[in-house]
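Below is one structure, written out as structure tokens; the observations come after it.
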Amino acid sequence: MKNIFNRIKYYIETRKLFNRVSLEETNFSILDTETTGLHVEKGDQIISVASLRVSNLKIGEEKILNELVNPQMKIPEASIKIHNITDDQVQSKPTLFEINEKILKFIKKSILVGHNINFDINFLKENSKGSALAHRMKVIKAIDTIYLTASLFPDLKNYELTNLCEMFKIETKDQIRHSALGDCTITARLFLYLLNIAKSKGVKNITDLITLCNRGQNLHHIIKNAKNIH
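Here it is, written out as structure tokens:
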């Protein structure tokens with residue numbers, strides 16, 4: 304019962320905050336994870352988590368979270384080929400439960416942002432079941448740059464991160480793709496690019512931004528379903 308009331312309180316407080324705080328005043332935590340595989344429901348685990356802060360519509364290079372995580376399982380070869388993280392690299396690293404508070408502290412009083420962010424949220428929630436981090440992931444507000452892009456550019460055929468950055472001429476070559484911190488940095492650059500466009504269309508606060516994302520989510524699902532039909 305206490306958890307229910309805490310969630311209601313959190314929801315009410317964040318709604319009030321969203322309605323009065325401008326985008327310039329909002330702290331965003333760009334987040335990305337690397338995992339042993341794509342299927343959290345089958346037991347795949349996080350092996351790397353990174354986050355960086357966007358404040359005053361600028362990337363804060365001095366505030367960065369970048370952690371390798373011991374998944375307590377063997378990393379499949381297919382996954383190693385993607386992110387180049389090996390068993391030896393994570394063997395002596397802390398588990399997700401051991402850095403639970405560190406992640407919570409970093410994302411405190413900020414809005415999560417990510418490219419396909421629900422993937423990361425679900426992994427954080429399921430891999431740390433019963434923890435404060437898992438509870439936070441159940442109620443946290445997040446902005447997905449896929450949906451934000453779909454709302455602003457509904458006619459695109461591909462919303463993959465690298466493809467979008469190439470299209471919008473966003474620098475990626477100075478970052479390592481499929482590393483949590485590298486993807487965070489690239490996503491932050493994409494997010495700021497999209498924010499400028501959203502602002503030019505009258506988006507002023509988080510409520511406006513979430514409304515725009517929700518519209519993009521609906522459009523994205525329609526596009527995906529249409530592709531499946533044809």
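Numbers 304 to 533, taken from this note's numbering, label the letters of the sequence shown in order. Glycine included, C-beta positions come from ideal geometry on N, C-alpha and C. Keep in mind that this is a model prediction, so the values were computed, not measured.
Please list the terminal residues of the continuous beta strand (DSSP E) segment that includes residue i.
i, result
"Ile500", "No beta strand (DSSP E) contains Ile500, which is instead part of the alpha helix (DSSP H) from 483-503."
"Lys366", "361-371"
"Asp335", "331-338"
Where does residue i fall in DSSP's three states?
i, result
"Ile532", "Bear in mind that the predicted position of Ile532 carries a pLDDT of just 33, short of 50, making it unreliable; the figure below should be weighed with that in mind. Ile532: helix per DSSP, three-state reduction."
"Leu459", "coil"
"Ile349", "strand"
"Leu326", "coil"
"Asn508", "strand"
"Ser358", "strand"
"Thr465", "helix"
"Thr514", "helix"
"Ser395", "coil"
"Lys476", "coil"
"Gln375", "coil"
"His342", "coil"
Report buried or exposed for residue i, applying the criterion of at least 16 other Cβ atoms within 10 angstroms of its Cβ.
i, result
"Leu451", "buried"
"Ala491", "buried"
"Glu401", "exposed"
"Asp542", "Residue 542 is absent from the model: the chain starts at 304 and stops at 533."
"His342", "exposed"
"Met440", "buried"
"Ser332", "buried"
"Ala381", "exposed"
"Thr488", "buried"
"Thr336", "buried"
"Ser540", "Residue numbering for the chain in the displayed model covers 304 to 533; residue 540 lies beyond these limits and cannot be assessed."
"Ile385", "exposed"
Taking only beta-carbon positions, decide if residue i is within less than 8 Å of chain B.
i, result
"Leu495", "Although the question refers to chain B, the structure presented lacks it and comprises just one protein chain."
Is residue i near the ligand PLP, judged by its Cβ being under 7 Å from some heavy atom?
i, result
"Glu344", "Among the components modelled here there is no ligand, and therefore nothing to report on the ligand PLP."
Span of the alpha helix (DSSP H) holding residue i?
i, result
"Glu380", "380-386"
(Q) I want to know whether the region 360-372 touches the region 447-464 - three or more CB-CB distances under 8 Å. (A) no
Q) Are the region 334-351 and the region 374-381 touching, with three or more C-beta to C-beta distances below 8 Å? A) yes
Q) Is the region 470-485 touching the region 401-413, taking contact as three or more C-beta pairs under 8 Å? A) no
Q. Between the region 436-449 and the region 395-408, do at least 3 Cβ pairs fall closer than 8 Å?
A. yes
Q: Entirely within the region 401-463 and at least 3 residues each: give me those beta strand (DSSP E) ranges in chain order.
A: 414-417, 445-447
**Q.** Three CB pairs or more closer than 8 Å across the region 325-334 and the region 502-517
**A.** yes
Q: Give a yes or no on contact between the region 424-432 and the region 453-462, applying the rule of three or more CB pairs nearer than 8 Å.
A: no
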